[in-house]
Amino acid sequence: MPLFAVPRLPLLCLATLGLVPGFAAPAPAAAPGAPPALVVVIAIDQLRGDYMARFREHFVPGGFRLLLEQGANFADARYRHAVTKTAAGHAVILTGVHADVHGIIDNAWVDRETLQRITCVEDSTVALLGLPEPAGGARTPGAAPKGASPHQLLTTTVGDELKLSRGGKAKVIGIASKDRSAILLAGKFGDAAYWMEKGRMISSTHYMKELPAWVRTFNEAGRADSFFGQTWDRLLPVEHYNTLQGPDDAEGEGVEAGMPRTFPKRVDGGAAKLGPAYYGAFDNSPFKSDVMLEFARAVVEQEKLGTRGVTDVLCLGFSVNDTIGHNYGPDSHEVMDITVRTDRMLADFFAFLEARIGLENCTIVLTADHGISPLPERVKALSPAVSAGRIDNARLLKAGEDALNREFGPLAEGRRWLMVHESSVLFHRGVLQEKNVAPAVAERVVRDALLTVDFVAFAYTRSDLAAGDVSGPFAEATLLSFNRERSADVYYHMKPFWVDRKSGTNHGTPYAYDVHVPLLWYGRGVKPGLYTDRVGIDDIAPTLAHILGLVAPPFSQGKVLF
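Residue numbers for the sequence shown, in the numbering used here: 29 to 590.
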């Protein structure tokens with residue numbers, strides 16, 4: 029049995045687990061109205077809102093169905109902001125506020141003055157812990173990657189408020205495949221955040237001086253390495269996938285990490301031995317989530333979460349679902365397979381919690397950070413007349429540059445007015461000064477030029493956003509994604525079914541396929557039922573604070589759902 033693994037038993041067997049050596053009996057049920065022993069916040073990256081209904085017949089008892097049938101299902105939960113990116117979404121979940129306040133406008137952004145790219149959790153004042161050494165020996169001096177911390181997050185989370193109000197006794201721990209998922213859920217005062225790099229769970233000196241011995245032992249066991257050369261194939265009969273998703277091989281799907289577009293997929297990266305190519309394939313497979321959940325069980329045991337007489341918080345970020353969705357799209361066999369596999373992983377993990385803590389002593393909330401657009405080729409195959417396609421940033425840049433040159437005169441050879449980053453445009457500050465052009469005037473010229481490009485639906489200037497002087501169906505959502513200190517000079521929304529990738533698909537828009545996500549609650553403090561009123565993901569933080577008897581995070585904007 030793998031190190032730290034817990035036998036995966038059906039729920040019906042759990043009543044006897046207290047008699048089995050090696051198992052802790054579940055904690056006694058708390059008195060009615062008492063706070064939960066453990067809060068589990070689950071963010072499944074890119075789990076689109078329709079997946080709960082689309083794949084429900086293939087879910088097993090004890091996984092998604094446990095929450096859908098015995099918990100509270102908010103079937104019309106949506107993000108209210110426009111920039112539906114991973115970091116921005118994770119930052120909303122436990123702060124209850126959007127990027128206009130929490131500051132995480134994207135996974136990365138460009139500093140308006142220096143034009144240097146800043147990732148949302150990078151922090152040069154701290155160091156990474158547990159990062160594997162590169163093949164061939166130690167790193168070149170000065171080449172070590174930057175550390176990571178929540179210092180870019182400008183507000184607190186429910187976990188932070190719990191620690192503040194309980195004398196720091198509560199433990200708050202985030203675990204994910206991605207650093208930004210673990211860190212932004214764990215908050216400013218989290219006890220630990222762990223994420224995966226080359227199959228190892230790593231952290232940062234922001235949280236601890238060194239990795240605990242048991243984490244080092246977990247890593248030394250090489251659990252991720254044990255999947256080298258294994259095959260990822262469909263969990264269910266192929267006809268189920270064909271019925272719900274269509275053909276396995278679809279135009280527009282990506283080929284990533286040495287794996288083919290169709291099942292089965294050998295997970296080795298095309299390499300003969302362990303190395304970077306393998307870890308690239310591992311990161312594109314469901315096996316990464318298996319290892320992450322084994323580590324999560326180890327964290328619960330080693331940290332004694334939920335058994336210490338105080339409420340603890342465990343945050344889990346399933347990031348592989350996002351990688352697979354980007355590569356193959358929401359209508360692929362791969363996305364269906366990772367979703368039904370995630371369902372079974374959750375059933376195992378919930379069974380583990382039942383055995384160790386008792387689910388009646390837990391509060392569970394499950395959601396996603398965003399959805400995903402269909403592959404534009406799939407859209408076109410259904411109707412060639414529908415506007416859909418792949419964005420060419422060079423056309424955007426040329427439209428803006430040409431308009432500025434016409435309006436203010438051309439620049440010297442080799443000079444540029446603009447740079448494009450994601451769905452935003454920034455000016456080279458020195459050029460505006462050189463031409464003596466007011467930023468607001470130049471912004472309007474670029475905005476109007478972008479609106480002539482066939483895949484651009486809406487465009488907004490920084491000056492208008494700062495003044496709140498915007499209109500249109502997504503004006504309010506765009507304002508929630510606009511941060512005065514960090515946002516760019518012009519922002520645009522692409523039209524539906526257009527994506528900014530050469531293959532696969534993407535998210536980041538205010539359209540329903542990106543903003544509609546599941547919101548499921550279960551356990552202590554939850555009123556079960558199907559809720560059909562539209563709610564926001566920013567409602568999670570105040571609701572969870574209410575269940576825990578806390579003041580909501582100070583900038584929280586949502587409402588209490590129960």
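In this text, a Cβ means the ideal position worked out from N, Cα and C, and glycines have one as well.
Remember, predicted model here, so these are calculated numbers, not experimental data.
Practice task
State buried or exposed for glycine 442, treating a residue as buried only when at least 16 other CB atoms are found within 10 Å of its CB.
Solution key: Here residue 442 refers to the residue found at position 414 of the sequence shown. Looking at its Cβ environment, which holds fewer than 16 other Cβ atoms inside 10 Å, glycine 442 is exposed.
Exercise for the section: With a 10 Å radius around its C-beta and 16 neighbouring C-beta atoms as the bar for buried, classify asparagine 433 as buried or exposed. Expected result: Here residue 433 refers to the residue found at position 405 when the sequence shown is read from its first residue. It is exposed - the Cβ of asparagine 433 has fewer than 16 other Cβ atoms within 10 Å.
Problem - Proximity to threonine 259 [Cα-Cα], best of Tyr520, Ala409, Ser313 - result: Along the sequence shown, one-based indexing puts residue 259 at 231. Of the listed residues, the one whose Cα sits closest to threonine 259 is Ser313.
Practice task
Give every residue of the same chain whose Cβ lies closer than 8 Å to the Cβ of arginine 369, excluding the five residues on either side of it in the sequence, and list them in chain order.
Solution key: Position 341 of the sequence shown, counted from the first residue, corresponds to residue 369. Same-chain partners within the cutoff: Leu263, Pro314, Ser317.
Practice task
Assign phenylalanine 455 to one of two classes, buried (16 or more other C-beta atoms within 10 Å of its C-beta) or exposed (fewer than that).
Solution key: Numbered from its first residue, the sequence shown carries residue 455 at position 427. Phenylalanine 455 should be labelled buried.
Problem - Straight-line Cα distance separating arginine 562 from glycine 215 - result: Counted from its first residue, the sequence shown places residue 215 at position 187. Counted from its first residue, the sequence shown places residue 562 at position 534. Taking the straight line joining both Cα atoms gives about 27 Å.
Exercise for the section: Leaving out five residues on either side along the sequence, give the residues of the same chain with a beta carbon under 7 Å from the beta carbon of lysine 587. Expected result: Here residue 587 refers to the residue found at position 559 of the sequence shown. The answer, listed in chain order, is Asp567, Pro570.
Handout entry: Classification of phenylalanine 483 by the beta-carbon crowding that lies within 10 angstroms, buried from 16 upward
Key = On the sequence shown, position 455 is the one that residue 483 refers to. Flag for phenylalanine 483 reads buried.
Exercise for the section: Note down, in chain order, each residue of its chain lying with its Cβ closer than 6 Å to the Cβ of lysine 113, except the 5 sequence neighbours on either side. Expected result: By 1-based counting over the sequence shown, the position of residue 113 is 85. So the qualifying residues of the chain are Asp134, Asn135, Gly536.
Handout entry: valine 465 in three-state terms, based on DSSP
Key = Mapped onto the sequence shown, residue 465 falls at position 437. In the structure shown, valine 465 sits in coil (DSSP, three-state: anything other than H, G, I, E or B).
Practice task
Kindly indicate the opening and closing residues of the beta strand (DSSP E) around glutamate 225.
Solution key: Taking the first residue of the sequence shown as position 1, residue 225 is located at position 197. Element bounds for glutamate 225: 220-225.
Practice task
For the alpha helix (DSSP H) containing asparagine 433, list its first residue and its last residue.
Solution key: Here residue 433 corresponds to residue number 405 of the sequence shown, with the count starting at 1. Note, asparagine 433: alpha helix (DSSP H), 421-436.
Handout entry: One or two residues paired with tyrosine 520 in a DSSP bridge
Key = Along the sequence shown, read from residue 1 onward, the residue named residue 520 stands at position 492. BP columns for tyrosine 520 point to Ala487.
Exercise for the section: Leaving out five residues on either side along the sequence, give the residues of the same chain with a beta carbon under 7 Å from the beta carbon of arginine 93. Expected result: Position 65 of the sequence shown, counted from the first residue, corresponds to residue 93. Cβ within range, chain order: Phe87.
Practice task
Label glycine 428 either buried or exposed according to how many other C-beta atoms from any shown protein chain fall within 10 Å of its C-beta, with 16 as the threshold for buried.
Solution key: What you label residue 428 is simply residue 400 of the sequence shown in a count that begins at 1. Buried, since its Cβ has 16 or more Cβ neighbours within 10 Å.
Practice task
Return the chain-ordered list of same chain residues with a C-beta closer than 6 Å to the C-beta of glutamate 161, the five sequence neighbours on each side being excluded.
Solution key: In the sequence shown, counting from the first residue as 1, residue 161 sits at position 133. Excluding residues within five positions, none has a Cβ falling inside 6 Å.
Handout entry: For threonine 147, the residue or residues it bridges with in DSSP
Key = Residue 147 sits at position 119 when you count from the first residue of the sequence shown. BP columns for threonine 147 point to Ala136.
Exercise for the section: Quick one: using the 10 Å Cβ neighbour count with 16 as the cut-off for buried, is threonine 506 buried or exposed? Expected result: Here residue 506 refers to the residue found at position 478 of the sequence shown. Flag for threonine 506 reads buried.
Practice task
In angstroms with no decimal places, state the Cα-to-Cα distance between proline 546 and leucine 558.
Solution key: Translated into positions along the sequence shown, residue 546 becomes position 518. Translated into positions along the sequence shown, residue 558 becomes position 530. Those two C-alpha atoms are separated by around 12 Å.
Exercise for the section: Return helix, strand or coil for asparagine 534, following the three-state DSSP convention. Expected result: The count along the sequence shown starts at 1 and reaches residue 534 at position 506. In this structure, asparagine 534 counts as coil in the three-state DSSP scheme.
Problem - the segment 386-393 contacting the segment 497-513, beta-carbon criterion three pairs below 8 Å - result: no
Practice task
Tell me the start and end of each unbroken beta strand (DSSP E) in the segment 176-220 that is at least 3 residues and wholly inside, in chain order.
Solution key: 200-204
Problem - Beta carbon of leucine 403 nearer than 8 Å to that of glutamate 281 - result: For the purposes of this step, residue 403 is taken as residue 375 along the sequence shown, with counting starting at 1. For the purposes of this step, residue 281 is taken as residue 253 along the sequence shown, with counting starting at 1. Yes, Cβ-Cβ distance for leucine 403 and glutamate 281 is below 8 Å.
Problem - Rounded separation between leucine 122 and glutamine 585 - CA only - result: Indexing the sequence shown from 1 puts residue 122 at position 94. Indexing the sequence shown from 1 puts residue 585 at position 557. The alpha-carbon atoms of leucine 122 and glutamine 585 are separated by roughly 11 Å.
Practice task
For the alpha helix (DSSP H) containing histidine 130, list its first residue and its last residue.
Solution key: Locating residue 130 in the sequence shown gives position 102, where the first residue counts as 1. First-last of the alpha helix (DSSP H) with histidine 130: 127-130.
Exercise for the section: Flag this pair as yes or no: are the beta carbons of phenylalanine 323 and phenylalanine 378 separated by less than 8 Å? Expected result: As a first step, residue 323 must be located in the sequence shown, where it is residue number 295. As a first step, residue 378 must be located in the sequence shown, where it is residue number 350. Taking 8 Å as the Cβ cut-off, phenylalanine 323 and phenylalanine 378 do not qualify as a contacting pair.
Exercise for the section: List the endpoints of the continuous beta strand (DSSP E) containing leucine 394. Expected result: The residue you call residue 394 lines up with position 366 of the sequence shown. Residues 390-395.
Practice task
Keeping to the same chain, check which residues put their C-beta closer than 6 Å to that of glycine 353; ignore five residues upstream and five downstream.
Solution key: The residue labelled residue 353 in the question sits at position 325 within the sequence shown. These residues qualify, in order along the chain: Gln74, Val363, Ile400.
Handout entry: With 16 other Cβ atoms within 10 Å as the buried cut-off, status of alanine 573
Key = Here residue 573 refers to the residue found at position 545 of the sequence shown. Label assigned to alanine 573: buried.
Problem - proline 612 versus arginine 140 - alpha carbon distance - result: The first residue shown for the chain is 29 and the last is 590, placing residue 612 beyond what the model contains.
Problem - Proximity below 8 Å, CB of alanine 71 to CB of glycine 345 - result: For the purposes of this step, residue 71 is taken as the residue at position 43 of the sequence shown. For the purposes of this step, residue 345 is taken as the residue at position 317 of the sequence shown. Yes, the pair counts as a contact, with Cβ atoms nearer than the cut-off.
Problem - Contacts around alanine 487, its chain only, beta-carbon distance under 6 Å, and the 5 residues preceding and following it disregarded - result: For the purposes of this step, residue 487 is taken as the residue at position 459 of the sequence shown. Arg475, Leu478, Leu479, Tyr520.
Exercise for the section: Using beta-carbon positions only, say whether glycine 334 and leucine 143 come within less than 8 Å of one another. Expected result: Translated into the one-based positions of the sequence shown, residue 334 becomes position 306. Translated into the one-based positions of the sequence shown, residue 143 becomes position 115. No, the Cβ-Cβ distance between glycine 334 and leucine 143 is not below 8 Å.
Practice task
Answer yes or no: do glycine 131 and leucine 182 have a C-beta to C-beta separation smaller than 8 Å?
Solution key: If you number the sequence shown from 1, residue 131 lands on position 103. If you number the sequence shown from 1, residue 182 lands on position 154. Yes, these two residues count as a Cβ contact at 8 Å.
Practice task
With hydrogens ignored, establish whether the beta-carbon of glycine 586 is closer than 7 Å to any heavy atom of the ligand GDP.
Solution key: You won't find the ligand GDP in this model; it holds no ligand whatsoever.
Problem - As assigned by DSSP and simplified to three states, the class of histidine 449 - result: Position 421 of the sequence shown, counted from the first residue, corresponds to residue 449. Here histidine 449 sits in strand by DSSP.
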